[in-house]
Amino acid sequence: MGASEGTIGSGGGCGMRRGDRHDERNVALRRGWGVDPRLKVYPSGRFIHAVVVSTDTHRPGLLTRDSRSLTMPSAYIYARTPGDSPPPRSCWIAHCSWTWTSSRRSINRPIEPAARGMVVARPALAMAAVLLLCAGRGAALHLCTDRLFNDTQGRHDDGLPHLTPTEEATWMALLPRRLRGGGGARAEFDWLALYRSLTRGGGEEGGRPPGPGELLSPAPLHDVRLDAGSPSPSSMYWRAQQTNLEYLLYLDPDRLTWTFRRQAGLPTVGDPYGGWEAPGGQLCGHFAGHYLSASAHMWASTRNRTLRERMARVVDVLHGCQKKMGTGYLGAYPDTMFDAYEQLDEAWSPYYTTHKIMQGLLDQYTLAGNRKGLDVVVWMADYFGNRVKNLIQNYTIQRHWEAMNEETGGFNDVMYQLYTITKDQKHLTMAHLFDKPCFLGPLGLRKDDISGLHVNSHLPVLVGAQKRYEVIGDNLYKDISMYLFDVVNSSHTFATGGTSTMERWHDPKRLVDEIKISSNEETCATYNLLKVSRNLFRWTKEAKYADHYERLLINGIMGNQRGTQPGVMLYFLPMGPGRSKSVSGQPPSGLPPMNPGGWGGPNDTFWCCYGTGIESFSKLGDSIYFVEEGKTPGLYIIQYIPSIFEWKSAGLTVKQQAKTLFSTDTYFEVSLTISAKGDAQLAKVSVRIPSWTSIDDATATLNDQKLNLTGTGSSSNGSFLTVTKHWDEDTLTLKFPITLRTEAIKDDRPEYASIQAVLFGPHLLAGLTHGNLPVTDSNHSNDGLTPGIWEVNATNASSVAGWVTPLASGSLNLQLVTLTQSTGGRTLVLSVSIADGRLAMQEKPAAGTDACVHATFRVYGPAVASGGGVEGPNMTIEPFDRPGMAVTNALAVGRPGGGRDTLFNAVPGLDGAPGLDGAPGSVSLELGTRPGCFVTAPAAASGGANDTRVGVRCRGDGDDEAASFARAAPLRRYHPLSFAARGAERGFLLEPLRSLQDEFYTVYFSLVSG
2 MGASEGTIGS GGGCGMRRGD RHDERNVALR RGWGVDPRLK VYPSGRFIHA VVVSTDTHRP
62 GLLTRDSRSL TMPSAYIYAR TPGDSPPPRS CWIAHCSWTW TSSRRSINRP IEPAARGMVV
122 ARPALAMAAV LLLCAGRGAA LHLCTDRLFN DTQGRHDDGL PHLTPTEEAT WMALLPRRLR
182 GGGGARAEFD WLALYRSLTR GGGEEGGRPP GPGELLSPAP LHDVRLDAGS PSPSSMYWRA
242 QQTNLEYLLY LDPDRLTWTF RRQAGLPTVG DPYGGWEAPG GQLCGHFAGH YLSASAHMWA
302 STRNRTLRER MARVVDVLHG CQKKMGTGYL GAYPDTMFDA YEQLDEAWSP YYTTHKIMQG
362 LLDQYTLAGN RKGLDVVVWM ADYFGNRVKN LIQNYTIQRH WEAMNEETGG FNDVMYQLYT
422 ITKDQKHLTM AHLFDKPCFL GPLGLRKDDI SGLHVNSHLP VLVGAQKRYE VIGDNLYKDI
482 SMYLFDVVNS SHTFATGGTS TMERWHDPKR LVDEIKISSN EETCATYNLL KVSRNLFRWT
542 KEAKYADHYE RLLINGIMGN QRGTQPGVML YFLPMGPGRS KSVSGQPPSG LPPMNPGGWG
602 GPNDTFWCCY GTGIESFSKL GDSIYFVEEG KTPGLYIIQY IPSIFEWKSA GLTVKQQAKT
662 LFSTDTYFEV SLTISAKGDA QLAKVSVRIP SWTSIDDATA TLNDQKLNLT GTGSSSNGSF
722 LTVTKHWDED TLTLKFPITL RTEAIKDDRP EYASIQAVLF GPHLLAGLTH GNLPVTDSNH
782 SNDGLTPGIW EVNATNASSV AGWVTPLASG SLNLQLVTLT QSTGGRTLVL SVSIADGRLA
842 MQEKPAAGTD ACVHATFRVY GPAVASGGGV EGPNMTIEPF DRPGMAVTNA LAVGRPGGGR
902 DTLFNAVPGL DGAPGLDGAP GSVSLELGTR PGCFVTAPAA ASGGANDTRV GVRCRGDGDD
962 EAASFARAAP LRRYHPLSFA ARGAERGFLL EPLRSLQDEF YTVYFSLVSG
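The opening position of the sequence shown corresponds to residue 2 in this note's numbering, with each subsequent residue numbered one higher.
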């Protein structure tokens, strides 16, 4: 359907047709766009038309997104859907192009002179329309859209368009439309000339690459060992590393390389893997690249010999595949995928996969010394360099930019890394060709226009931009990196420190809308955001970046494995009320499935987040210690992770130990033992004082002598304590006050000011809560966030300590029990039904499931308060996840009222005799209000295995066996960092988000009074 046409502004034929209704609605209701005073919105059929009127052809109009403006050229710009006729000639613009984007292609056509103003036509539902922008006379037009191919639906999912700025001299019109030689013959492609064109004659704007000592260097993974020296390694970091090592050793090199062999025409061995690695998939091969990166880092971290042999075998196979094909190409699918990519056709991010393969091979060279890895990468770089060269020569550099609207991963990053090894100019140029200008350009101009962009398409590009700064000293890229981090961290991050919903950035400071969706915080984005903050710390030595790294690592990475199960990891981390990791990732109601969700499996998943997952857990030691070159060697210790670092350049060994933290602790204690291998060595050691602590109350001692912390700076942004001395068997002990605190959700609307997350130091706490959302499906709320399941009673509380109290997990775990009955060869457990809050019998659940929570009870009373067990009179039975609540004699959950309605008597009492059935270890529960009447399970009473209801029968009326339960070990235990929160309608058990598996939980709470 065509767009409205008529007169607006200059009286041309490009504006509003007579009779159209003037409706100045906030376009944010449709696609997140705000309204400038000069922006008029006209609905018409399937389009929304935004008209910006300017009376001065030399002054741009403004199109804003929530008060953030982008400069626009003063000319009409007009977009159409496929099949519509071109815009009226009177509406075309000189020296620019107009574009449509369909599910199969984008087509460019010339545009001729036009009148003043701008028109944007936008499809309301089915397809993201294209917003066009001239970058200046003679400039090529580039749109930044996410042309992500949806393999399931067989089409591209076009994201929101992203506009380039008008500063043509900065980013656009980088080359003539064709490189031509004399007499019409094509000139020899000159990589250096191309690079100079890209960089306006050099590009090292801002000076030289950072010199020795200007950037911190991460301690080599070869020299860092987690939990080393401990008689029984047990830190969560060591356990996570070991779980990941088990998975890497489980993976079969022949299955990982099956699709590569088939593509090269070599005999295959065994069977291929499934999931995203299945033959024919458009991302198959990506995980093999991740495997090479992960195994290289893991080998450096552990020196596991078996892993080294297996990863070397994968490199050998890929080297043989490339040699067999003979062109330099290496992939698990035909190179015709790149033909489709270059034609803007259906191709799902082939450069993304290529980046993973090249990065993995390069890591095998840099970390494991495998020269074949480098040789394969160099030949691949030649092949793809020729592809890019031919694309630019046969079309234009504009076509290259448009093709990059696919997800290209960190292709710029790996090419910059390769350049540091080869010093080959074409590798530097190739890297810069993948510095996505429509994304980096506005950031270079400090334009916050990231809303709507696919997060993990762009964070890897930013990591590559960071590498450019390190390689050539282009300070613009340093500024870009720092600016984007500030934008994301101030407006788009959850309390974990992570970002993204449905894989995209959305409107800034509107996170309440985002937590209504379960597809929060894609773990690939978390992986890359950690890279960003890590690099920024290396550059600046500012503690705020180390603080962010700590928070995101603990809360956004460490909980992405399902306990110690190898190869079971997450894609999304839900942040809304009543969510679970086990059912994350479902789309809003009415949309078809798009993204993976829940836990994956070791053989048939291989999502992108599996690749970054195995990498994350392979290099947990790479961001603890950072070395500073100089006359006096320097060391920055920024993460408190039990480990040993062999600081070879200083001749010192650093051993770090952290005291196990409990919720009842008021201090977090860490000790550093620094010893010399020979004579004492002079060195400067700087340790981070986190922003979550108080400098005034923190203490530091060196060999039991107190140090002065007053000069370390404000704790609001973190700081460092620096000690310079000759080190030899010295112990530095730090004690940081650790407290509860709340943090508001990043949403600036007043009605959501009460929504807060609860943290204990850097640990984000989540309350165990089962859903009960008013929904049309299991994911998407119809009418906002549900009262009751996320409200806490903060009445008369001057601080969070007024409504959250620590639980002494050690003693309370002694009071936990699971009660069971066996019938018909099945074991049933007494549980609280999530449907109505009443007692019921359920099948014994698997470990880590939400059902374990509901089948665990805390039993306390005069006889069990100190020793545990289910015995004696006047017991209170408290559901595990509802502190302060109790099971009533009506067999439901309520608040204790001071009477006997929430008391039970254990029969036979205190003598250890069995329950009514006489079986050893059994117990019967007598109601406090009805002596002689007992809790009775239906299955044992009637033989009805499917009857789950629990009732009451008085002695003599029923079967003693039905009123007897076996006392079993609790299916769930309190975490060392457990707290109780006073809810408006119920109590909440708070535990670290990272510790949860399948449990349903709530991260943000609404603080209410009364």
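All residues carry an ideal CB built from backbone N, CA and C; glycine is no exception.
Are the beta-carbon atoms of residue 471 and residue 210 separated by less than 8 Å?
-> The answer is yes: Cβ separation under 8 Å.
Taking only runs that begin and end inside the stretch 473 to 530, name each unbroken beta strand (DSSP E) of 3 or more residues, in chain order.
-> DSSP runs (the beta strand (DSSP E)) wholly in the stretch 473 to 530: none.
With DSSP run on the structure shown, which of helix, strand or coil describes residue 735?
-> DSSP places residue 735 in strand when its eight states are reduced to three.
Identify the continuous beta strand (DSSP E) that holds residue 901 and give its terminal residues.
-> Boundaries cannot be given for residue 901, as no beta strand (DSSP E) includes it and DSSP labels it neither H nor E.
Give the C-beta separation of residue 486 and residue 523 to the nearest angstrom, bearing in mind that I take them to be a contact with Cβ-Cβ under 8 Å.
-> With a Cβ gap of about 18 Å, residue 486 and residue 523 do not count as contacting.
Where the beta strand (DSSP E) containing residue 422 begins and where it ends | It is not in any beta strand (DSSP E) - residue 422 instead sits in the alpha helix (DSSP H) that spans 412 to 423.
Residue interval of the alpha helix (DSSP H) (run including residue 804) = Careful: residue 804 lies outside any alpha helix (DSSP H) and carries neither H nor E.
Considering only the beta carbon of each residue, do residue 571 and residue 609 sit closer than 8 Å?
-> Taking a C-beta distance under 8 Å as the contact criterion, residue 571 and residue 609 do not qualify as a contact pair.
To the nearest angstrom, report how far apart residue 1 and residue 708 are at their CA atoms.
-> Lying before the first or after the last residue shown, residue 1 is absent from the chain, which here runs from 2 to 1011.
Nearest-angstrom Cα distance between residue 329 and residue 352?
-> If I take the Cα positions, the gap works out to 15 Å.
Indicate whether the contact test is met: 3 or more Cβ pairs, each with one atom in the stretch 674 to 681 and one in the stretch 731 to 747, closer than 8 Å.
-> Judged by Cβ distances under 8 Å, the stretch 674 to 681 makes contact with the stretch 731 to 747, as three or more pairs qualify.
Using 8 Å as the Cβ pair cut-off and three pairs as the minimum, do the stretch 531 to 550 and the stretch 629 to 647 touch?
-> Between the stretch 531 to 550 and the stretch 629 to 647 there are three or more inter-stretch CB-CB distances shorter than 8 Å, so the stretches are counted as touching.
Following the continuous beta strand (DSSP E) through residue 637, name the residue where it begins and the one where it ends.
-> DSSP places residue 637 in the uninterrupted beta strand (DSSP E) bounded by 635 to 638.
Give a yes or no on whether the C-beta atoms belonging to residue 886 and residue 907 are separated by under 8 Å.
-> Against a cut-off of 8 Å, the Cβ pair of residue 907 and residue 886 comes out as no contact.
Helix, strand or coil: which one does DSSP assign to residue 139?
-> For residue 139, the predicted model reports a pLDDT of 28, less than 50, meaning its position is unreliable and no value from the coordinates is stated.
Are the Cβ atoms of residue 474 and residue 427 separated by less than 8 Å?
-> Not closer than 8 Å, so no.
Any chance the stretch 752 to 765 sits against the stretch 678 to 687, with 3 or more Cβ pairs inside 8 Å?
-> Contact between the stretch 752 to 765 and the stretch 678 to 687 is absent, because fewer than three Cβ pairs lie under 8 Å.
Roughly how far, in whole angstroms, is the beta-carbon of residue 937 from the beta-carbon of residue 954, given that I think they are within contact range, below 8 Å?
-> Between the beta-carbon of residue 937 and that of residue 954 there is about 4 Å, and that keeps the pair under the 8 Å contact cut.
Could you give the DSSP three-state label for residue 455: helix, strand or coil?
-> Per DSSP, reduced to three states, the secondary structure at residue 455 is strand.
Kindly give me the distance between the Cβ atoms of residue 1001 and residue 837, rounded to whole angstroms, as I take these residues to be in contact under 8 Å.
-> With 8 Å as the limit, residue 1001 and residue 837 do not qualify as a contact, their Cβ atoms being about 16 Å apart.
Alpha carbon to alpha carbon, how far is residue 967 from residue 770?
-> Just so you know, the alpha carbons of residue 967 and residue 770 end up roughly 27 Å apart.
Mind checking whether the beta-carbon of residue 573 lies closer than 7 Å to any heavy atom of the ligand MG?
-> No copy of the ligand MG appears in this structure; indeed no ligand is present at all.
Backbone CA spacing between residue 1033 and residue 540 [nearest angstrom] | Nothing in the structure corresponds to residue 1033, since the chain is present only between 2 and 1011.
Look at the alpha carbon of residue 902 and the alpha carbon of residue 828, and state the distance between them as a whole number of angstroms.
-> For residue 902 and residue 828, the distance between alpha carbons rounds to 29 Å.
When DSSP builds the beta bridges, which residues end up paired with residue 728?
-> Here residue 728 is bridged, per DSSP, to 682.
Does DSSP put residue 94 in a helix, a strand or coil?
-> Residue confidence is low: residue 94 scores 22 on pLDDT, short of 50, so the model does not pin down where it sits. Its coordinate-derived value is still stated next. Taken through DSSP and simplified to helix, strand or coil, residue 94 comes out as coil.
Below 7 Å CB to CB, which residues in the same chain sit around residue 502 once its five sequence neighbours on both sides are set aside?
-> Answer for residue 502: 515, 518, 520 and 521, listed in chain order.
Mind checking whether residue 481 and residue 444 have CB atoms under 8 Å apart?
-> Taking 8 Å as the Cβ cut-off, residue 481 and residue 444 qualify as a contacting pair.
Thinking C-alpha only, which one of 738, 247 and 269 is nearest residue 321?
-> It is 269.
Opening and closing residue of the beta strand (DSSP E) in which residue 821 lies = First-last of the beta strand (DSSP E) with residue 821: 817 to 824.
Taking residue 696 as the reference, give the member of 666, 681 and 738 with the closest Cα.
-> Of the candidates 666, 681 and 738, the one whose C-alpha sits nearest the C-alpha of residue 696 is 738.
What is the DSSP secondary structure of residue 574, reduced to helix, strand or coil?
-> Three-state DSSP puts residue 574 in coil, outside helix and strand.
Exposed or buried, what is residue 976 when buried is set at 16 or more other beta-carbons lying within 10 Å of its beta-carbon?
-> Buried, because 16 or more other Cβ atoms sit within 10 Å of the Cβ of residue 976.
Can you round the beta-carbon distance between residue 993 and residue 978 to whole angstroms, since I take them to be within the 8 Å contact cut?
-> Confirmed, Cβ separation roughly 5 Å.
Nearest to residue 312 by CA position, among 744, 251, 272 and 331, is which residue?
-> Ranking 744, 251, 272 and 331 by Cα distance to residue 312 puts 251 first.
Measure the beta-carbon distance from residue 440 to residue 465 and round it to whole angstroms, keeping in mind my assumption that it falls under 8 Å.
-> Residue 440 to residue 465, Cβ: 11 Å. No contact.
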